[in-house]
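So the protein sequences, as listed, match chains V and R. Note that UniProt numbering numbers the first sequence so that position 191 is 191, with each residue one more than the last. Note that UniProt numbering numbers the second sequence so that position 289 is 289, with each residue one more than the last. Positions of the beta carbon are idealized from the N, C-alpha and C atoms, including for glycine. None of these values were measured; they are calculated from a predicted model. First up is the structure itself, then whatever we jot down about it.
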Amino acid sequence: MSDPAQTAPRPRRSLLQTDAGTRRRNAAERRFRTYGAAAILTAMAALAVLMFTVFRDGASAFVQARATIPVVIAADVVDPQGNRDPAEMAKILTMSYSRLLDQALTREIARSGIQVGGLTQRDITGFLSAQARADLRRAVLADPSLVGQEIEWRMMTSSRVDAMLKGRITREMAARDARTSVAQYDLAMALRDRGVVRAGFNWRFITAPDGSDSRPEAAGLGVAILGSFYMMLIVLVLALPIGVAASIWLEEFAPKNRLTDVIEVNISNLAAVPSIVFGILGLAAFINFVGLPRSAPIVGGLVLTLMTLPTIIISTRAALKAVPPSIRDAALGVGASRMQTVFHHVLPLAMPGVLTGTILGLAQALGETAPLMLIGMVAFVTTYPSAPPQGLFDPASALPVQIYNWTQRADPAFFERASGAIIVLLAFLLAMNLIAIWLRRKFERRW
Amino acid sequence: MSPLTTLIIILGLAGLGYLLGRRRAVALVAGDTRQLHSRPAYHGWLVALLAALPPLGLLVLGGLAGPLIPGATHGAGALLAPAAALLALAGLGVGLARISPGFRARNAVERVIGLLLILCSLIAIATTLGIVLSLVFESASFFRLYPWHEFLFGTEWTPRFGGGSKLGMLPLLWGTLYISFIALLVAVPIGLFAAIYMSEYASRRVRAVAKPAIEVLAGIPTIVYGLFALVTVGPLIRDWLAQPLGLGDSGASVATAGLVMGIMLIPFVSSLSDDIINAVPQSLRDGALGLGSTPSETIRHVVIPAALPGIVGAVLLAASRAIGETMIVVLGAGAMARISGNPFEAMTTITVKIVGQLTGDNDFNSPETLVAFALGLTLFVMTLGLNVLALYIVRKYREQYE
Numbered sequence: 001m002s003d004p005a006q007t008a009p010r011p012r013r014s015l016l017q018t019d020a021g022t023r024r025r026n027a028a029e030r031r032f033r034t035y036g037a038a039a040i041l042t043a044m045a046a047l048a049v050l051m052f053t054v055f056r057d058g059a060s061a062f063v064q065a066r067a068t069i070p071v072v073i074a075a076d077v078v079d080p081q082g083n084r085d086p087a088e089m090a091k092i093l094t095m096s097y098s099r100l101l102d103q104a105l106t107r108e109i110a111r112s113g114i115q116v117g118g119l120t121q122r123d124i125t126g127f128l129s130a131q132a133r134a135d136l137r138r139a140v141l142a143d144p145s146l147v148g149q150e151i152e153w154r155m156m157t158s159s160r161v162d163a164m165l166k167g168r169i170t171r172e173m174a175a176r177d178a179r180t181s182v183a184q185y186d187l188a189m190a191l192r193d194r195g196v197v198r199a200g201f202n203w204r205f206i207t208a209p210d211g212s213d214s215r216p217e218a219a220g221l222g223v224a225i226l227g228s229f230y231m232m233l234i235v236l237v238l239a240l241p242i243g244v245a246a247s248i249w250l251e252e253f254a255p256k257n258r259l260t261d262v263i264e265v266n267i268s269n270l271a272a273v274p275s276i277v278f279g280i281l282g283l284a285a286f287i288n289f290v291g292l293p294r295s296a297p298i299v300g301g302l303v304l305t306l307m308t309l310p311t312i313i314i315s316t317r318a319a320l321k322a323v324p325p326s327i328r329d330a331a332l333g334v335g336a337s338r339m340q341t342v343f344h345h346v347l348p349l350a351m352p353g354v355l356t357g358t359i360l361g362l363a364q365a366l367g368e369t370a371p372l373m374l375i376g377m378v379a380f381v382t383t384y385p386s387a388p389p390q391g392l393f394d395p396a397s398a399l400p401v402q403i404y405n406w407t408q409r410a411d412p413a414f415f416e417r418a419s420g421a422i423i424v425l426l427a428f429l430l431a432m433n434l435i436a437i438w439l440r441r442k443f444e445r446r447w
Numbered sequence: 001m002s003p004l005t006t007l008i009i010i011l012g013l014a015g016l017g018y019l020l021g022r023r024r025a026v027a028l029v030a031g032d033t034r035q036l037h038s039r040p041a042y043h044g045w046l047v048a049l050l051a052a053l054p055p056l057g058l059l060v061l062g063g064l065a066g067p068l069i070p071g072a073t074h075g076a077g078a079l080l081a082p083a084a085a086l087l088a089l090a091g092l093g094v095g096l097a098r099i100s101p102g103f104r105a106r107n108a109v110e111r112v113i114g115l116l117l118i119l120c121s122l123i124a125i126a127t128t129l130g131i132v133l134s135l136v137f138e139s140a141s142f143f144r145l146y147p148w149h150e151f152l153f154g155t156e157w158t159p160r161f162g163g164g165s166k167l168g169m170l171p172l173l174w175g176t177l178y179i180s181f182i183a184l185l186v187a188v189p190i191g192l193f194a195a196i197y198m199s200e201y202a203s204r205r206v207r208a209v210a211k212p213a214i215e216v217l218a219g220i221p222t223i224v225y226g227l228f229a230l231v232t233v234g235p236l237i238r239d240w241l242a243q244p245l246g247l248g249d250s251g252a253s254v255a256t257a258g259l260v261m262g263i264m265l266i267p268f269v270s271s272l273s274d275d276i277i278n279a280v281p282q283s284l285r286d287g288a289l290g291l292g293s294t295p296s297e298t299i300r301h302v303v304i305p306a307a308l309p310g311i312v313g314a315v316l317l318a319a320s321r322a323i324g325e326t327m328i329v330v331l332g333a334g335a336m337a338r339i340s341g342n343p344f345e346a347m348t349t350i351t352v353k354i355v356g357q358l359t360g361d362n363d364f365n366s367p368e369t370l371v372a373f374a375l376g377l378t379l380f381v382m383t384l385g386l387n388v389l390a391l392y393i394v395r396k397y398r399e400q401y402e
């Protein structure tokens, strides 16, 4: 830069001794590296905290405290006519069965000699789940011969007692909460110590339909899982063939012209359209215009199909592009038509990549919430949709929407349910991703 | 006839057509298939396609056109299914009649399949059209009920289903932009530094762990992030930042939603930046290193400036994601429409209000419901604009090195 003759006498330098400038630059280098490492650590820490909180909050949803006590199905309560006619007995409402359960629990307390001061009737009624009476009534109506007998009956405790046994509600909290009491807490502990109340794996959480606001312990994911499954089925049946067909045309046949350009631009733009806009499309086009029913898996499936199509097309095109031209040349060389070349040679070779992309697209669709909320899937659905094809038009829920639904309920027990549902959702996603990775490993071919 | 029975009948006829066509082609040449132009299976396929496609097209068109014709009663819909079945039968007959040894069945089949492929590609255009049309039409009916300038420039959002509601978009737009800004403030530095570290410094082993971990972050559904904001991050920010500073006591806040959305965007920014940084030619790095720069100097003075347009594009794409994100803001940002600078207050966004106005019972003649479509149109235009701009910048940058 400047004339060497004019510079001041050069300072003595040694390669073994770093001068101040080099030290500064090395320090800057180290700092920069640290920023990079810190960024990665931050991202991984965020992932770790996220996973930790989900599992901390949600794991207990898979466990449910149940009480096993002998219940006398008193004939004068459930069958006042005495003729064991299920039609007559169906007139007896659930509230009467509640009395049976209360009596049974009181007897059980007396029999095991538990002394709890200040136990009120409300504590006893509130000890067992409101679902327990309904279950008992259903069992009696299904089998009228139970009337008049004493049966060992296993039933869910209420969500608050469940929370006491899980340690989420402590004795102090029970004293402060108006809906529980210290006496109820002591009763729960005493019954647990005697083995009357036991925690077990909660299958109901996975298979049962949603429960109402007042009985979180009965709420399950059955309808949501089934609804999500139906939608994934529709997405698979529609998006895979359409996506593959579109990719084949764009990658193998499309001439370079205006139309092709327009399609390409459309696909890349659709991939970036917010998912909620697809929900608006579903509401305006499929429900209001075509007249399909609200909260039906068919509408959700169609919306998610349109949403995942760009993903599938992009990955399928990459898979087709990865098949070397020599394959095509060889097929054309022995007299195959272009169509035969693609369908007999290129597509089979690209299939592992296509399937991997499709599974990842499905995984994306499975976790999508916002568009489904707009097409009415937030509705409270407690009946399972029937088998397809009719079931595709029945109201259903979906896993992510069910999670949202539960976060909107007042009872804190629903937060546990929501976190538990997230574990189920993540388990499905993990399984799908593992299948995709396995497919890629097993069939991947290097040319 | 239910649609399903019709479908089964049509597909059954198509299957029958395949078998009959194949057999007839073989029979015509007395078993010597060398005399046929096309192999027998192609003759069968053509008959099957002729039997299946026209009635299926009729059913789809009929289903779509039904709502369009004002006078169409249920009877017209009932006529559709028998008509389709008849059409399938006719196609079967025509297909069988056309078979002859010299008939180029393969070429015909391939032409039909080619058309089907094009049709599938056009679905992308149809989807875009569907989105634009549904947004524009419903927005138009909204603007007939509510003045557009009050929607665009109104600063008050108070929907009342009794009438006399104020539907100004500005508070929602402010909340959207504020939250997106905070999200980018979190995601861009972390994502960018993660990408730089991964592509320039990390050893193979570090990359083998860090890259999948960050990709997992990308695969987590947004509802999970939403619950994370609601249950964990919101109370944390409220108890440790907002309340000690005396800035608010709401769990749902701009800061909560922004922070969680930032975490969600990290993998997005980092994978895009990773591609862009890797696309910078190695010769540029070698030149800088050869002149005595340290690696960080090379990155700061050579790699980043060379990759800058691409990085800007990536940031714009991330911004478009942030603006359109729904579940995190529904659960983490609150529902209060207000314009305020305090990041610890609850605010609301366009997407939250779209969900709010369109879930539950809707009256599609009231401005309170229809406003969601106008909000959707705003959202669509904003994200589309950002995407087009980002793609333009990225494409322009690519031209420099190729």
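Same chain only: Cβ atoms within 6 Å of residue i, ignoring 5 sequence neighbours per side
i              : result
residue 254(R) : 178, 179, 343 and 347
residue 175(V) : 182
Identity of the residues DSSP links to residue i by a beta bridge
i              : result
residue 128(V) : 157(V)
residue 403(R) : Chain R is shown only over 1 to 402; residue 403(R) falls outside these bounds and no answer can be derived.
residue 198(V) : 66(V)
residue 72(V)  : 150(V)
Neighbourhood of residue i by C-beta, 7 Å cutoff - its chain only, sequence neighbours within 5 removed
i              : result
residue 60(V)  : 166 and 416
residue 327(V) : 345, 346 and 349
residue 132(V) : 101, 155 and 156
residue 247(V) : 313, 316, 317 and 320
residue 449(V) : Because chain V is modelled from 1 through 447, residue 449(V) falls outside the range shown and cannot be assessed.
residue 448(V) : The requested residue 448(V) does not occur in the structure, where chain V is confined to residues 1 to 447.
Cβ-Cβ separation, residue j to residue i (assumed contact under 8 Å), whole Å
i              : j              : result
residue 82(R)  : residue 367(V) : That pair is no contact at about 43 Å.
residue 155(V) : residue 129(V) : 7 Å
residue 324(R) : residue 359(R) : Not confirmed; about 18 Å, so no contact.
residue 356(R) : residue 335(R) : 7 Å
Proximal residues of chain R, C-beta to C-beta of residue i below 9 Å
i              : result
residue 450(V) : A query on residue 450(V) cannot be resolved here, the shown segment of chain V reaching from 1 to 447 and no further.
residue 337(V) : 106, 107 and 110
residue 367(V) : 219, 220, 221, 222, 223 and 224
C-beta neighbour in chain R for residue i, strict 8 Å
i              : result
residue 36(V)  : yes
residue 96(V)  : no
residue 251(V) : no
residue 79(V)  : no
residue 228(V) : no
residue 414(V) : no
residue 277(V) : yes
residue 341(V) : no
residue 405(V) : no
residue 225(V) : no
residue 186(V) : no
Beta carbon proximity, residue i to chain V, threshold 8 Å
i              : result
residue 216(R) : yes
residue 278(R) : no
residue 63(R)  : yes
residue 228(R) : yes
residue 387(R) : yes
residue 73(R)  : With a pLDDT of 49 at residue 73(R), under the threshold of 50, the modelled position of this residue cannot be trusted; read the value that follows with caution. No, because no Cβ of chain V sits closer than 8 Å to the Cβ of residue 73(R).
residue 10(R)  : no
Interface partners of residue i on chain R, CB under 8 Å
i              : result
residue 444(V) : The contacting residues do not exist; residue 444(V) stays about 17 Å from chain R at best.
residue 25(V)  : 294 and 297
residue 57(V)  : 231
residue 355(V) : Ordered by position in chain R, no residue passes the 8 Å Cβ test against residue 355(V), which lies about 17 Å from the chain.
Listed by chain order, chain V residues near residue i by CB distance under 9 Å
i              : result
residue 295(R) : 29, 32 and 33
Listed by chain order, chain V residues near residue i by CB distance under 7 Å
i              : result
residue 201(R) : 33 and 36
Proximal residues of chain R, C-beta to C-beta of residue i below 7 Å
i              : result
residue 242(V) : 120 and 123
Cβ shell of residue i (< 8 Å), same chain only, five flanking positions each side left out
i              : result
residue 279(V) : 303, 370, 371, 372, 373, 374 and 375
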